[in-house]
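Participant: Numbering (our numbering), first residue to last: -9 to 231.
Heads up, the beta-carbon is just placed ideally off N, CA and C, and yes, glycines get one too.
Below you will find the structure I want to go over with you.
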Amino acid sequence: MRAIGFFVAAMLFAAPADADDPPVPPNVVTRVAVLGSGDVFVVEPKAAGVQPIVLILHARNGDPEDDCRKWSEVASPFGWVVCPSGPIATERGRSWGKFDDAKKTIDASLDAVRAQHGARMKSVGNAIIGFSEGALVAQILGIREPERWSRWLVLAGSDKYWGDRGPEFLQVQRRKIARVVMLTGEHDPIVENTLRAGAMVRAAGIPVRVIVRRGLGHDVPGDRMIANYRRSLEWLFEAKP
């Protein structure tokens, strides 16, 4: 009995001081305040150590918190899922507006997250996922910061988002862009633009997969996340940064 007593006492004294503050469970969306902007939503990675960022850019009138929930299971095995809020508040959600304003908001959101977790987050070789209006921002951001965002999953993207100088921009940055996936639904009105954007990426010598999903339109169905996007993320992260 005395031995059992000593064992229990030792276990009590060995308990960590922060035992009442357990780590965040996997796939839980946490909210981080951003000075002068809407909140950013975060899901911690499943792997330990320093991990890349998977930046999620929502559609027009989007809900970044809901997007983080939708993407958490499929994206958190690859890194930090970070979902900023577009700078424009609308009646139905958030929107991105002009690119310069969107860029400021994204940078401020990342700064807020890095203030808490920066030692565990990579600064280069990260992934960016953008849907619809978020695809426009993702395509421009990826071109401008290809070392930081070298892996792109563009949903409902368009060749028009790069303008007439798109081929030139891609050619200049091609060695810094690891891999690109252009994906949309067969019933999406923008599907032909997505195909042309993929051809433009391929012409620049950048590894690219162009995927048109049967049965999908202009949407990201929450009940088919792993089936639709897991293989694309695996392929993106197989490449070196």
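Could you tell me which residues DSSP puts in a beta bridge with G51?
Facilitator: Walking along the sequence shown from the start, residue 51 turns up at place 61. The identity of residue 51 in the sequence shown is Asn, whereas the question assumes Gly. Answer by DSSP bridge pairing: none, since N51 is not bridged.
Participant: Measuring only the C-alpha atoms, how far is T174 from G108?
Facilitator: As a first step, residue 174 is located in the sequence shown; it is residue number 184 there, counting from the start. As a first step, residue 108 is located in the sequence shown; it is residue number 118 there, counting from the start. Those two C-alpha atoms are separated by around 33 Å.
Participant: Taking three-plus beta-carbon pairs below 8 Å as touching, is the segment 180 to 192 in contact with the segment 20 to 37?
Facilitator: These segments do not touch.
Participant: Comparing C-alpha positions only, which one of V191, D178, A105 sits nearest to Q232?
Facilitator: Past the edges of the chain, shown from -9 to 231, lies residue 232, and the structure says nothing about it.
Participant: Can you check whether the CB of E34 is closer than 9 Å to the CB of W70?
Facilitator: As a first step, residue 70 is located in the sequence shown; it is residue number 80 there, counting from the start. As a first step, residue 34 is located in the sequence shown; it is residue number 44 there, counting from the start. Taking 9 Å as the Cβ cut-off, W70 and E34 qualify as a contacting pair.
Participant: Return the CA-CA distance between K60 and M215, expressed in angstroms with no decimal places.
Facilitator: Here residue 60 refers to the residue found at position 70 of the sequence shown. Here residue 215 refers to the residue found at position 225 of the sequence shown. If I take the Cα positions, the gap works out to 7 Å.
Participant: Mapping the DSSP letters down to three states, classify W86 as helix, strand or coil.
Facilitator: As a working note, residue 86 is residue 96 in the sequence shown. Note: W86 maps to coil in three-state DSSP.
Participant: Mind checking R169: buried by the 16 CB within 10 Å criterion, or exposed?
Facilitator: Looking up residue 169 in the sequence shown gives position 179. Per the 10 Å Cβ criterion, buried.
Participant: Give the C-beta separation of V171 and V202 to the nearest angstrom, bearing in mind that I take them to be a contact with Cβ-Cβ under 8 Å.
Facilitator: As a first step, residue 171 is located in the sequence shown; it is residue number 181 there, counting from the start. As a first step, residue 202 is located in the sequence shown; it is residue number 212 there, counting from the start. No, V171 and V202 are not in contact; Cβ-Cβ is about 12 Å, not under 8 Å.
Participant: If I'm right that H177 touches F121 with Cβ under 8 Å, what's the distance once you round it to whole angstroms?
Facilitator: The count along the sequence shown starts at 1 and reaches residue 177 at position 187. The count along the sequence shown starts at 1 and reaches residue 121 at position 131. That pair is no contact at about 15 Å.
Participant: Check each candidate in D90, P74, I196 and name the one with the smallest Cα separation from D101.
Facilitator: As a working mapping, residue 101 is identified with position 111 in the sequence shown. Among D90, P74, I196, the Cα nearest to that of D101 is on P74.
Participant: Name the two residues that bound the continuous beta strand (DSSP E) containing R169.
Facilitator: For the purposes of this step, residue 169 is identified with residue 179 of the sequence shown, where counting begins at 1. From DSSP, the beta strand (DSSP E) with R169 extends over 169 to 175.
Participant: Please classify D149 as buried or exposed, where buried requires at least 16 other C-beta atoms within 10 Å of its C-beta.
Facilitator: Sequence index remark: in the sequence shown, residue 149 carries index 159 (1-based). It is buried - the Cβ of D149 has at least 16 other Cβ atoms within 10 Å.
Participant: Excluding five sequence neighbours on each side, which residues of the same chain lie with their C-beta closer than 6 Å to the C-beta of P67?
Facilitator: Working through the sequence shown from its first residue, we reach residue 67 at position 77. Excluding sequence neighbours, P67 sits near K36.
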